[in-house]
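A.B. asks: Numbered per full-length UniProt numbering, the sequence shown spans residues 305 to 676.
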Amino acid sequence: PEDVRVYEFAEACGKSPAEVITVLFGLGMMVTKNDFLKQDELEILGEEFGIEVTVKDALEDANYVGDYQEEEIDETNFKTRPPVVTIMGHVDHGKTSLLDKIRTSKIAAGEAGGITQHISAYTIEQNGEKITFVDTPGHAAFSAMRARGAEVTDIIIIVVAADDGVKQQTEEVISHAKASGCPIIVAVNKIDKETANMDMVKAQMAEKEMTPVDWGGDIEFIGVSALTGEGIDDLLENILLQSEILELKADPEAKAKATVVEASLEKGRGPVATIIVQNGELKVGDNIVCDTTFGRVKAITNDMGQQVKSLGLSETGTVLGLNEVPVAGAIMVAQDSDKEAREIATKRAEHARAKELSKSTKVSLEEMSGLI
Ligand code: GTP
Ligand code: MG
Numbered sequence: 305p306e307d308v309r310v311y312e313f314a315e316a317c318g319k320s321p322a323e324v325i326t327v328l329f330g331l332g333m334m335v336t337k338n339d340f341l342k343q344d345e346l347e348i349l350g351e352e353f354g355i356e357v358t359v360k361d362a363l364e365d366a367n368y369v370g371d372y373q374e375e376e377i378d379e380t381n382f383k384t385r386p387p388v389v390t391i392m393g394h395v396d397h398g399k400t401s402l403l404d405k406i407r408t409s410k411i412a413a414g415e416a417g418g419i420t421q422h423i424s425a426y427t428i429e430q431n432g433e434k435i436t437f438v439d440t441p442g443h444a445a446f447s448a449m450r451a452r453g454a455e456v457t458d459i460i461i462i463v464v465a466a467d468d469g470v471k472q473q474t475e476e477v478i479s480h481a482k483a484s485g486c487p488i489i490v491a492v493n494k495i496d497k498e499t500a501n502m503d504m505v506k507a508q509m510a511e512k513e514m515t516p517v518d519w520g521g522d523i524e525f526i527g528v529s530a531l532t533g534e535g536i537d538d539l540l541e542n543i544l545l546q547s548e549i550l551e552l553k554a555d556p557e558a559k560a561k562a563t564v565v566e567a568s569l570e571k572g573r574g575p576v577a578t579i580i581v582q583n584g585e586l587k588v589g590d591n592i593v594c595d596t597t598f599g600r601v602k603a604i605t606n607d608m609g610q611q612v613k614s615l616g617l618s619e620t621g622t623v624l625g626l627n628e629v630p631v632a633g634a635i636m637v638a639q640d641s642d643k644e645a646r647e648i649a650t651k652r653a654e655h656a657r658a659k660e661l662s663k664s665t666k667v668s669l670e671e672m673s674g675l676i
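#1: Roughly how many angstroms separate the alpha carbons of valine 631 and alanine 466, rounded to a whole number?
#2: Select from Val505, Trp519, Leu569 the residue whose C-alpha is nearest the C-alpha of glycine 527.
#3: Whole angstroms is fine: what's the gap from lysine 337's alpha carbon to threonine 358's?
#4: Which residue or residues does DSSP assign as beta-bridge partners of leucine 569?
#5: Pull up the distance between the alpha-carbon of isoleucine 355 and that of phenylalanine 313, whole angstroms please.
#6: List in chain order: all unbroken beta strand (DSSP E) runs of 3+ residues lying wholly within the segment 498-528.
#7: In terms of residues, what are the limits of the beta strand (DSSP E) holding lysine 471?
#8: Short of 8 angstroms in beta carbon distance, which residues of its chain neighbour asparagine 501, apart from the five on each side in sequence? Order them along the chain.
#9: Flag this pair as touching only if the segment 641-648 and the segment 471-485 have three or more C-beta atom pairs under 8 angstroms; answer yes or no.
#10: Since I believe leucine 586 is in contact with alanine 562 (beta carbons under 8 angstroms), could you give me their beta-carbon distance rounded to a whole number of angstroms?
#11: When you compare only the Cα positions, how much space is there between isoleucine 435 and glycine 330?
#12: If you follow the alpha helix (DSSP H) that glycine 350 is part of, which residue opens it and which one closes it?
#13: By the three-class DSSP mapping on this structure, what secondary structure does lysine 553 have?
#14: Between isoleucine 580 and valine 388, is the Cβ-Cβ spacing less than 9 angstroms?
#15: Please find out if some non-hydrogen atom of the ligand GTP comes closer than 8 angstroms to the beta-carbon of serine 424.
#16: The alpha helix (DSSP H) spanning leucine 328 covers which residue range?
#17: May I ask which residues mark the beginning and end of the alpha helix (DSSP H) holding aspartate 404?
#18: For the segment 479-498 against the segment 532-546, are there 3 or more C-beta pairs whose distance is under 8 angstroms?
#19: Is the closest heavy atom of the ligand GTP to the C-beta of leucine 402 under 8 angstroms?
#20: Does the beta-carbon distance from isoleucine 523 to methionine 509 come in below 9 angstroms?
#21: Distance check for aspartate 344 and valine 327, CA to CA, integer angstroms please.
#22: Report the three-state DSSP secondary structure of isoleucine 495 (helix, strand or coil).
#23: Under 8 angstroms: does the beta carbon of aspartate 642 sit that close to some heavy atom of the ligand GTP?
#24: Buried or exposed: where does isoleucine 676 fall if 16 or more other Cβ atoms within 10 Å of its Cβ makes it buried?
#25: Which of helix, strand or coil does DSSP assign to glutamine 546?
#26: With a CB to CB cut of under 7 angstroms and the five nearest residues on each side skipped, what residues in its chain are close to serine 641?
#27: Give me whichever residues DSSP pairs with phenylalanine 382 in a beta bridge.
#28: Rounded to whole angstroms, what is the Cα-Cα separation between residue 679 and methionine 636?
#29: Alpha carbon to alpha carbon, how far is leucine 624 from alanine 603?
#30: For a test of the three-state rule: what should DSSP assign to valine 631, helix, strand or coil?
#31: Of all the beta strand (DSSP E) runs that stay within the bounds of the segment 595-648, which reach a length of 3 or more residues?
#32: Based on the DSSP secondary-structure assignment, which residues constitute the bridge partners of phenylalanine 437?
#33: Provide the residue span of the alpha helix (DSSP H) that contains alanine 316, from first to last.
#34: What are the boundary residues of the beta strand (DSSP E) that valine 464 is part of?
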């Protein structure tokens, strides 16, 4: 919604812009013919004119123009891909600690020394199978990503501290997680603490309709400690079980499509985007469009900090070469040519600008009457 202008709407249903403006004006909504229609306005107009209104997202259209869509539908090349797991939970319940512990306990001893700082996304191997983890910089970012249609997460882990139980953000995270439709696993963290109380957590979660399997529900609760590493193998095995049920597949040969999980402007490097590849393989030299920005992949650094030539399905790393910093949740798509990437990004940028402009335009009554 919000992507169709009054005159476009009028044209699409064979009315004059004035007719549309008059209907809305009669209901106290002031628009000019260049304004974008909001969802409620579209609904009213639909009722008024006795037509069914469905709106296609122009951004999405621009995103999936060309043969990308066809390649996506062609399932002959589909291959099983690793799950992408997002960790969420109340502040201080140990999301980051748990992620760091999983990572350091799962990479070869020789490499572990090289890892000093926390990164927001990485891939590990458990029994020869890969799992990609994403830290949420706050659940706001997660819902922003969802709102943008970036369904990057396959499985959600809700971390609840065993000594603290369900807190406000736990509740929020539960509703986000439920709304996403992803399978949920509850990691009850800090079980090393003397005050840890697994049953308290289970009872509080059951009250939120998150009933543990051993209480007759369908949610797995795994006790873990980010301090000692206890329970981490259990948690990983569980993720792999869930993943198997999901039968996650994608096409490694398709044009690359990735989701930005984090991005920033770095001194001397320009815009840097941390991405997760969802389809195809992202390579150095690829022409990419990412929302309203575009560019050419100059360099890729994998989650081990190494320069690599490409990233495959569900793999994560940072990409250099965009001309602006994209927002978290933006979708990055490889294009056949520099020209295409530029055109799509420019078209979207214009669209976004027009939308901004129409929001800030104050509509006076004189203007209104001039239009009607
Ligand atoms: P935010 O990102 O701020 O929301 O917090 P977080 O959920 O990432 O928690 P973080 O990993 O920063 O951990 C918070 C505190 O709990 C730190 O002081 C950790 O050392 C401690 N902590 C995390 N996990 C454990 C655990 O398993 N056992 C014990 N004893 N302490 C833990
Ligand atoms: Mg954290």
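C-beta: ideal position from N, C-alpha, C; glycine also. Just so we're clear, the structure is a prediction, and the values are computed from it rather than from any experiment.
C.D. replies: Concretely, from the data shown:
#1: 34 angstroms
#2: Val505
#3: 19 angstroms
#4: Pro575
#5: 12 angstroms
#6: 524-527
#7: Looking at the DSSP string, lysine 471 is not in any beta strand (DSSP E), and its letter there is neither H nor E.
#8: Ala466, Asp467, Gly469
#9: no
#10: 6 angstroms
#11: 56 angstroms
#12: 343-353
#13: strand
#14: yes
#15: no
#16: 321-330
#17: 399-410
#18: yes
#19: yes
#20: yes
#21: 13 angstroms
#22: coil
#23: no
#24: Its pLDDT being 46, under 50, isoleucine 676 is placed unreliably in this model, and the value from its coordinates should be taken loosely. When all chains shown are included, isoleucine 676 counts as exposed.
#25: helix
#26: Asn591
#27: Phenylalanine 382 is not bridged to any residue.
#28: Coverage of the chain is limited to positions 305 through 676, which leaves residue 679 absent and any answer about it impossible.
#29: 5 angstroms
#30: coil
#31: 597-606, 620-626, 635-639
#32: Val389, Tyr426
#33: 310-316
#34: 459-465
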